[in-house]
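Numbering (my numbering), first residue to last: 92 to 165.
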């Protein structure tokens, strides 16, 4: 279960709750698929990878929102 602050759910009509649930679900599916393919991560490696997601997401948003950068990645 995703932990959501009450004010977040009120401000966005549940969008944060939905997004958190989707991310958690995709994360679980991805980890399962990795295990199936023979890739097993330690708990420390999982935690390190999870810390990268916000930075990568922020970079992706910056690229998407910048017309010059977006064109270079198309």
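Even glycine gets a Cβ: it sits at the ideal position worked out from N, Cα and C.
Asked	Found
Anticipated Cβ contact below 8 Å, residue 164 with residue 154, distance rounded	6 Å
Where residue 116 sits in the DSSP three-state scheme	helix
Cβ shell of residue 161 (< 8 Å), same chain only, five flanking positions each side left out	154, 155
Enclosing alpha helix (DSSP H) for residue 159 [first to last residue]	158-164
Pair within 9 Å by beta-carbon distance, residue 139 and residue 131	no
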